[in-house]
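Trainee: Per full-length UniProt numbering, residue 1 is the first one in the sequence shown, and the count goes up by one each step.
Every residue, glycine too, gets a C-beta built ideally from N, C-alpha and C.
Nothing here was measured: the structure is a model prediction, and the numbers come from that model.
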Amino acid sequence: MKKLFYNRKLVITIFVVLIVLLTAVAIGPMVYSLLKGAGVKTEPVSADGAKAASTELDGTWEVAKGRANNHTSVGFTFNEVLPAEKTTTSGSTTEVTGQADISDSTLKTAAVTVDMDELTTDKKVRDQNMKSKLFETQLFPEASFELTEPASLADVPDDGTIGTVKLTGDLTIKDETHEISQDFDVLRDGDQIVIGGTVPVDRLDYGVETPEMLAAKVEEKGEVNLRISFEKN
1 MKKLFYNRKL
11 VITIFVVLIV
21 LLTAVAIGPM
31 VYSLLKGAGV
41 KTEPVSADGA
51 KAASTELDGT
61 WEVAKGRANN
71 HTSVGFTFNE
81 VLPAEKTTTS
91 GSTTEVTGQA
101 DISDSTLKTA
111 AVTVDMDELT
121 TDKKVRDQNM
131 KSKLFETQLF
141 PEASFELTEP
151 ASLADVPDDG
161 TIGTVKLTGD
171 LTIKDETHEI
181 SQDFDVLRDG
191 DQIVIGGTVP
201 VDRLDYGVET
211 PEMLAAKVEE
221 KGEVNLRISF
231 EKN
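(1) Round the Cβ separation of Ser181 and Lys166 to the nearest angstrom and send it over; I've been treating them as touching at under 8 Å.
(2) If you draw a straight line from the C-alpha of Gly160 to the C-alpha of Asp122, how long is it?
(3) Taking the alpha-carbon of Val45 as reference, which of Pro200, Arg188 and Gly196 has the nearest alpha-carbon?
(4) Quick check on the burial criterion: 16 or more other C-beta atoms within 10 angstroms. Buried or exposed for Val218?
(5) With 8 Å as the threshold, decide whether the Cβ of Gly207 is near any Cβ in chain C.
(6) Just to confirm, is the Cβ distance from Val96 to Val63 under 8 Å?
(7) By the 10 Å Cβ neighbour count, where 16 or more other Cβ atoms means buried, how is Asp189 classified, buried or exposed?
(8) With burial defined as no fewer than 16 other Cβ atoms inside 10 Å of the residue's Cβ, what is the status of Ala53: buried or exposed?
(9) Can you give the beta carbon distance from Glu179 to Thr172, rounded, assuming they're within the 8 Å contact cut?
(10) Would you give the residue range spanned by the beta strand (DSSP E) that Gln192 belongs to?
(11) Helix, strand or coil for Arg227? Go by DSSP, reduced to three states.
(12) For Arg67 and Lys51, I'd like the C-alpha separation in whole angstroms.
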């Protein structure tokens with residue numbers, strides 16, 4: 001009787017192990033496919049179809065939706081290491097607010113706020129992991145940039161072509177603030193100004209850490225991608 005009970009217990013154990021293994025084999029590729037994908041990247045400023053400036057540079061400007069090929073968008077790009085593959089993934093959002101003040105053809109002040117809870121990639125499961133485990137948007141719902149040094153816009157073309165301006169300011173993510181200083185593309189297009197660029201970042205500087213249980217390992221070095229359209233207030 002004891003032997004029979006032992007044999008039955010062994011059969012049940014083997015059966016359970018087989019079920020677990022078969023489930024892993026079936027679900028593994030599905031989970032992998034859910035995490036894989038290039039995501040939604042904020043592209044550079046485009047001068048295609050841009051018109052000559054139709055309004056004075058000086059004044060108060062506010063973040064606007066922007067035209068189709070230069071719609072306002074802010075996001076990130078990082079390399080991910082998945083099982084047997086390394087991919088590049090991006091996320092972005094159009095939920096951006098802010099204001100800039102220009103006088104004497106100089107950008108005197110500028111502040112932009114990004115709704116981090118509206119970030120999206122091309123995969124719903126990855127979106128959930130990104131918000132809850134990486135950026136912890138329930139605790140840190142916003143990221144921001146604030147200009148700390150005036151920047152001359154006098155040399156930005158007014159004929160619908162792209163110029164370059166060096167901007168210096170404080171970038172804040174997850175309540176961690178670091179100064180950035182680099183060149184950005186600037187386009188005067190009709191009654192709008194579009195500013196865009198790529199900011200190299202180390203996610204650890206901003207407290208963005210990857211939990212051990214996360215399937216994809218995110219590299220430390222990445223970038224913030226931005227393209228922001230402004231209209232006169």
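Mentor: Result, derived from the coordinates:
(1) 7 Å
(2) 32 Å
(3) Selected option, being the one with the closest Cα: Gly196.
(4) Under a 10 Å Cβ-count criterion, Val218 is classified as buried, with 16 or more other Cβ atoms of the shown protein chains found around its own Cβ.
(5) Protein chain content of the structure displayed is limited to a single chain, and chain C is not contained in it.
(6) yes
(7) buried
(8) In the assembly as shown, Ala53 is a buried residue. Its beta-carbon has 16 or more other beta-carbons within 10 Å.
(9) With 8 Å as the limit, Glu179 and Thr172 do not qualify as a contact, their Cβ atoms being about 11 Å apart.
(10) Unbroken beta strand (DSSP E) run through Gln192: Gln192 to Asp202.
(11) strand
(12) 12 Å
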